[in-house]
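A short write-up of the structure that comes next.
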Amino acid sequence: MPDPYLQVSALTKSYGSVTALGGVSLDVEKGEFVTFLGPSGSGKTTTLMIIAGFETATSGTVKVGGRSLSNIPPHARNIGIVFQNYALFPHKTALQNIMFPLNMRGVPAAEAERRARAMLDLVGLSDYGGRWPKDMSGGQQQRIALARALVFEPSLLLLDEPLGALDKNMREQMQIEIKRIQKSLGVTTIFVTHDQSEAMTMSDRIAVFEQGRIDQIGTPQEVYRRPSTPFVARFVGDSNLLPGIVLDPEDGLVRTEHFGLLRLQDRLPSAIGAKVTLMLRPESIHVAEPDARGAADRPNRAEVNVHTIVPYGESTLLIGRSGGADLRIRLRAQEADGIGSGTSLDVLWPASAVHAIPAA
Amino acid sequence: MIPTALRGASKPWLLLLPLALFLCTFFLVPLGQVAMMSVTEPEPGFGNYAHLAGDALYLQVFLNTFLTAFGVAVGCLLLGYPLAYLMAQSSPRVAALLMLLVTMSFWTSFLVRTYAWMVLLGNNGPLTALLGFLGWDPPPHLLFTRFSSTLAMVHILIPYMVMSLYSVMKRIDPALLRAAESLGAKPWGVFRQVYLPLSAPGMVNGATLVFMICLGFYVTPVLLGSPQEQMVAGLIGTQIEEFLDFGQASAMAMVLLASTLIVLAVYHRRFGLDRLWG
């Protein structure tokens, strides 16, 4: 099997007695788009900065194409970076900004300009070459920064929360735009964000960071449907986490503290009596048909007393209480019509929607 | 922000009144008198100015003044830039300490510092002795030269340069330097292509301040400088003290004032005066 293109092995980073990274490892294939997702301080940016060469790891290695980057200074790593605030040079025009990495590499001026103009075309700003960064909108600056990071055909593209400063519409537009450009060039990309929806829509794979470690790496679907830790379940999407005890591992039966019996589609890896956390996505819960009422002891069913209603437009989030715990339920807007605060709801969910997270 | 109580009075300019009165009484009125004297002493007309324009000695002094001021500005820039750079890269604590050291010379009397230079640079002073010891025979005359007055003025004016540079350098976004590095610029390239151009406003501000202050310097060039290479302020002093020629001295003062204003005007056109103090 060939070596992975980017190989991060057992990275640690300590600042005095504070551990910022506690052993981060991951492999990225050529052309892949991998997102580092996590809250601030989880180590995602530190990992990125070590790859870029602006931070030195306490231990561990980073290899690109089989070559260790340890002793290579940032300017010789050939890695394109888009910074959080774009970091465009204010004293250079858009075109001069894009030409900068080519000038630094001794590319002849005429060719540098030709390639920079081709990048301007690619990011859809053909007529903006002569503009100063301060005269451009956030989204335009973003595109110039992207063009500048890509024009020298880097071996790796790193994006450090590049969409944080943009408003919502612009952000969605740029998500699509970045993805399009990344695909058309086939550049291996690491994208750092704390926004789970960005991670979901853009990534081939997501690495979820928590407290200096990677909790889980997987496709957006895997991470969303089968989170490996309660943290991942909470951080990626909305979730109900129900603590329980395994009754019958073969049959996938768990008794939860507040919601009675839950049945899973798959058998459980844990033994009888083992503690387990079940995850149930709010959108997989439905209101039961009225004629099927009164079966509180059957699995995957609960009676809740709605106390909070949050309309989101296309859907509505209901928070209901049962047995001393809250259950979050997300219904399509029409389904939630007529449900008010204080309504008693009989809800159920399919066994396939329940996912067991082994207790840590 | 103007506090509400004062804004309520709707006369915020009242706050300017004490200083305005002071400047008026002790600066503008005497300045007006000087301007007046330059065209009335000893007789009405522009005779004093005509005389200046035709006086080779005066033109020479004027040229000396500009050259010296230019030299001082360059000296301040060369010595101040590395220090300001260091301060901008340091932690706030270290930067504050360095700033304290730089501005400490502000606390010492001007005259004391000038005399200290006389001791240091004098013919029996330690520097001359050192040069002699190193084999410079006979040791050079350091004192009463353009070199000594330039050196002392650089010492006195360097805090202005450092503060101008520091305030601009501090605002250079470190992400820009990282960006340049990630894009393939070696350390020198980062400095040359990004840091230097972005710190240029500080260089211009500092140099302009130092140059303008230097144009009117009196004590230092008179006490330390070469009598053959006088500066304008010194010459004005001589005119008054030795020749009691108030008309001629006033005209020189007005020309000096006008040249300073021209430097300011050029600066303002190019950069905007509001940015001069950072």
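Those sequence lines, one after another, are chains E and D. In terms of the working numbering, the first sequence opens at residue 912 and continues consecutively. In terms of the working numbering, the second sequence opens at residue 794 and continues consecutively. Glycine included, every Cβ here is placed at the ideal spot set by N, Cα and C.
Fill in: Validate contact between the region 1220–1234 of chain E and the region 1167–1187 of chain E using beta carbons, cut 8 angstroms, 3 pairs
yes
Worksheet item: In three-state DSSP terms, what is Tyr988 (chain D)?
Response: helix
Item to complete: Report the partner residues of Phe1120 (chain E) according to the DSSP bridge assignment.
Response: E:Ile1125
Discussion item. Please give me, in chain order, every unbroken run of the alpha helix (DSSP H) with length at least 4 that falls completely inside the region 984–1045 of chain E.
Written reply: 1005–1015, 1020–1033
Practice prompt. State the start and end residues of the unbroken alpha helix (DSSP H) segment that holds Gln1053 (chain E).
Written response: 1049–1061
Worksheet item: Which residues does DSSP pair with Asp938 (chain E) in a beta bridge?
Response: E:Gln918
Worksheet item: From Ser831 (chain D) to Asn857 (chain D), what does the alpha carbon distance come to, in whole angstroms?
Response: 23 angstroms
Practice prompt. Closer than 9 angstroms, Cβ to Cβ, to anything on chain E: give me those residues from the region 983–1016 of chain D, in chain order.
Written response: Val983, Gln986, Val987, Pro990, Leu991, Ala993
Discussion item. With distance defined between alpha-carbon atoms, name the residue in D:His948, D:Ser883, D:Glu1022, D:Val961 nearest to Phe899 (chain D).
Written reply: D:His948
Worksheet item: Which chain E residues sit within Cβ distance under 9 angstroms of Lys979 (chain D)?
Response: Pro984, His986, Ala987, Met1015
Worksheet entry | Nearest-angstrom Cα separation, counted from Leu1061 (chain E) out to Arg1028 (chain E) | 12 angstroms
Worksheet entry | Partners in chain D for Arg877 (chain E), counting only beta-carbon separations shorter than 9 angstroms | No answer is possible for residue 877 (chain E): the residues shown for chain E start at 912 and end at 1271.
Fill in: Secondary structure, beta strand (DSSP E): runs of 3+ residues fully inside the region 1212–1236 of chain E
1212–1222, 1226–1233
Discussion item. When you compare the CB of Leu927 (chain D) with every CB in chain E, is at least one pair closer than 7 angstroms?
Written reply: no
Worksheet entry | Residue ranges of each beta strand (DSSP E) within the region 1075–1113 of chain E, 3 or longer | 1100–1104
Discussion item. My assumption, with CB atoms under 8 angstroms, is that Leu891 (chain D) sits in contact with Leu879 (chain D). Please give the rounded CB distance.
Written reply: 7 angstroms
Fill in: Simplified DSSP state of Phe940 (chain D), which is helix, strand or coil
helix
Fill in: Within chain D, partners of Phe1102 (chain E) - CB distance below 7 angstroms
Those do not exist, as Phe1102 (chain E) stays about 16 angstroms from chain D at its closest Cβ, beyond 7 angstroms.
Worksheet entry | Neighbour list for Pro1012 (chain E) in chain D, Cβ cutoff strictly below 7 angstroms | Leu976, Gly977
Practice prompt. Mind checking who Gly933 (chain E) pairs with in its DSSP beta bridge?
Written response: E:Thr923
Worksheet item: Identify the residues that DSSP records as bridge partners of Asp1149 (chain E): which are they?
Response: BP columns for Asp1149 (chain E) are empty, so no partner.
Item to complete: Using the Cα positions of Pro990 (chain D) and Thr923 (chain E), report the straight-line distance between them to the nearest angstrom.
Response: 37 angstroms
Fill in: Segment contact, 8 angstroms Cβ cut-off, at least three pairs: the region 956–976 of chain D with the region 935–948 of chain D
no
Worksheet item: Alpha carbon to alpha carbon, what distance is there between Thr972 (chain E) and Thr1130 (chain E)?
Response: 24 angstroms
Discussion item. Using C-beta distances below 7 angstroms, list every residue in its chain close to Ala1213 (chain E), excluding the 5 sequence neighbours before and after it, in chain order.
Written reply: Phe1170, Gly1171, Ser1233, Leu1238, Val1258
Practice prompt. Give me the Cβ distance between Val1217 (chain E) and Leu1229 (chain E), rounded to the nearest whole Å; I'm assuming they're in contact under 8 angstroms.
Written response: 5 angstroms
Item to complete: Could you check how far apart the C-beta atoms of Ile1101 (chain E) and Val1198 (chain E) are, in whole angstroms? I think they sit under 8 angstroms.
Response: In fact, because the Cβ distance is near 42 angstroms, the residues do not count as touching under 8 angstroms.
Worksheet entry | 7 angstroms Cβ cutoff met for Ala1043 (chain D) and Val827 (chain D) | The sequence given here has Ser at residue 1043 (chain D), not Ala. Closer than 7 angstroms, so yes.
Practice prompt. Decide if Tyr908 (chain D) is buried, meaning its Cβ has at least 16 other Cβ atoms within 10 Å, or exposed.
Written response: exposed
Practice prompt. State buried or exposed for Leu927 (chain D), treating a residue as buried only when at least 16 other CB atoms are found within 10 Å of its CB.
Written response: exposed
Worksheet item: When DSSP builds the beta bridges, which residues end up paired with Leu1165 (chain E)?
Response: Strictly speaking, residue 1165 (chain E) in this sequence is Val, with Leu absent from that position. Val1165 (chain E) is bridged to E:Val1157, E:Leu1173.
Practice prompt. Give me the Cα-Cα distance between Leu913 (chain D) and Leu920 (chain D), rounded to the nearest whole angstrom.
Written response: 6 angstroms
Item to complete: Can you say whether Thr773 (chain D) is buried or exposed, counting buried as having 16 or more other CB atoms within 10 angstroms of its CB?
Response: Outside the displayed span of chain D (794 to 1071) sits residue 773 (chain D), for which this structure offers no information.
Worksheet item: For the 8 angstroms Cβ check, are there 3 or more pairs between the region 1241–1255 of chain E and the region 1152–1167 of chain E?
Response: no
Discussion item. Let me check understanding here. Comparing Cα to Cα, which of D:Met954, D:Glu1034, D:Gly982 lies closest to Thr1001 (chain D)?
Written reply: D:Met954
Worksheet item: So what does DSSP say about His948 (chain D), is it helix, strand or coil?
Response: helix
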